[in-house]
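Heads up, the thing below is written out as structure tokens.
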Amino acid sequence: MVSAGDAGPTVAHATQPVMSSPSLGLVGRRVVVEVPATSANLGAGYDCLGLALDITNEVEVEVLDDAELAGDGVGSHVELAVEGEGAGELRGDRSNRFVAGMEAAFGPAEFELPPRSRWRLAMRNRIPLSRGLGSSASATIGGLIAANALLGQPLDVPRLLRLATEIEGHPDNASAALLGGFVVSAVIDDEVEAIRFDAPPDLIVVLFIADLRLSTSDMRKVLPQSVPLVDAVANLGRVALGVAGLATGRADVLAALTVDRLHEPYRVAAFPQLPRLIAAAREAGAIGACLSGAGSTVLAFCRSGSTCDAVGSAFERAALETGLPGRVQVVSPRNEGARVLALA
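Mapping to the numbering used here: the sequence shown position 335 is 335, numbers consecutive.
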């Protein structure tokens, strides 16, 4: 989709796309896409910062003809096989965000799927569900780029990001999944703006992925409608410092960026183990630690293997002390966003 680029930040904004009218039938076509996990907020950057992680879902899509189907258009029949996360749980209908993403691409592309058609989806999922690692946004982006590839790429990056934001409600996870790297995003005057830059090359991420599932909607319900001015100002300063530092390759600013006063203190009511996990990671030598998205994953940043080992062990001890089952996973940031692996 978009290369990481060493020539500076990439800017995406929702301009009018260049449209085409695909005339080739889709029956018999096949596409394979890969989409990364993401972590949003990163502490003080509530709803505006995201980072792509090297945990991926891979989805193969085939468009088949079924003369026996009456059909009612896009998604009239979905044959779904899931391996890994979500197996036996994800549904093959419009409630599946991948299917929703595919559907969303057809209207702007001015293309109608033949009524007697069938999707065959094979998912190999590694991104945990409802753990704050962007599984929903990754599925949405995957569906969008799969359909866009089948249609001949009529939708540009800004349009894809706008569609994803309409589905997801906010662009932080979706923009990181689409563009890769660190991404700053916001909806400004109904336009989606996103700027991305590469993660520092030696940065390592240690995750504690709790067995506890926390839905984004439930975790938003515990947030207040207003916050003290002093807390808002504190977060603004940390976000400004963090973005400027990371954009110039300074990972040390994560120590400031990952300290939040707008959402994490309130989310402790639903996730009481959070302060202990964050403190354990910092005490073990992490540059910074924070809640990943709405949780329940906790993320810590490190710059050496030995520190990662210490932080992983600290996570495990803190989890045991607080009665929170889960696992540690060490990953790298991913500077490449969603991509098409095969198209036939």
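All C-beta atoms, glycine included, are put in the ideal place defined by N, C-alpha and C.
Since the model is a prediction, treat every value here as computed from it, not as a measurement.
When we look at the beta-carbon of G73 and count the other beta-carbons within 10 Å, is it buried (16 or more) or exposed? Its pLDDT being 45, under 50, G73 is placed unreliably by the model, and nothing is read from it.
Backbone CA spacing between I209 and L26 [nearest angstrom]: 39 Å
For the beta strand (DSSP E) containing C290, list its first residue and its last residue. 288 to 291
Could you check if D202 is buried or exposed, using at least 16 other CB atoms within 10 Å of its CB as the buried criterion? exposed
Can you list, in chain order, the residues of its chain whose CB lies under 6 Å from that of P325, leaving out five sequence neighbours each side? D211
Check whether the stretch 144 to 164 and the stretch 185 to 205 are in contact - that is, three or more C-beta pairs closer than 8 Å. yes
So G142 packs on P200, CB below 8 Å; how close in whole Å? Not confirmed; about 27 Å, so no contact.
Please say whether G295 and G132 have beta carbons closer to each other than 7 Å? yes
Could you check what DSSP says for F271 in three-state terms: helix, strand or coil? coil
Whether A105 touches N148 by CB criterion (7 Å): yes
Assuming I287 and A255 make a contact with CB atoms under 8 Å, what is their CB distance in whole Å? 5 Å
Buried or exposed: A52, going by 16 or more other Cβ atoms within 10 Å of its Cβ? buried
Exposed or buried, which one is I55 when buried takes at least 16 other CB atoms within 10 Å? buried
So the candidates are A37, Y46, T38, F197; which of them puts its Cα closest to the Cα of V259? Y46
Cβ-based burial, P272 [other Cβ within 10 Å; buried from 16]: exposed
Three-state class that DSSP yields for R199 in the structure shown: The sequence given here places Ala at residue 199; Arg does not occur at that position. Coil.
Within a Cβ cutoff of 7 Å, which residues of the same chain sit near T140, ignoring the five residues on either side of it in sequence? R97, A100, G101, A164, I167, E168, A174
Out of P224, A44, A244, state which residue places its alpha-carbon closest to the alpha-carbon of D198. A244
Classify G293 as buried or exposed, calling it buried when 16 or more other Cβ atoms lie within 10 Å of its own Cβ. buried
Check the C-beta distance from V61 over to V31 and give it rounded, since I have them as a contact under 8 Å. 5 Å
Kindly identify the DSSP beta-bridge partner or partners of N41. Looking at the DSSP assignment, N41 forms no beta bridge with any residue, so it has no partner.
Between the Cα of L64 and those of H263, L150, I204, spot the shortest distance and give me the residue it belongs to. L150
So, for S136: in the same chain, excluding its five sequence neighbours on each side, which residues have a beta-carbon less than 7 Å away from its beta-carbon? R97, E168
Straight-line CA distance for G107 to V35? 22 Å
Return the CA-CA distance between E85 and V230, expressed in angstroms with no decimal places. 41 Å
Check for me: the beta strand (DSSP E) holding T56 runs from which residue to which? 49 to 65
S217 - partner residues in DSSP beta bridges: In DSSP, S217 forms no bridge with anything.
Residue(s) in a DSSP beta bridge with E79: R120
Could you tell me which residues DSSP pairs with C302 in its beta bridges? I204
When you compare only the Cα positions, how much space is there between S217 and E264? 15 Å
Rounded C-alpha distance that separates A310 from R124: 31 Å
For V230, the three-state DSSP class (helix, strand or coil): helix
Alpha carbon to alpha carbon, how far is E316 from E79? 39 Å
Burial state of L299, where buried means 16 or more other Cβ atoms lie within 10 Å: buried
C-beta contact flag for G312 and V328 at 7 Å: yes
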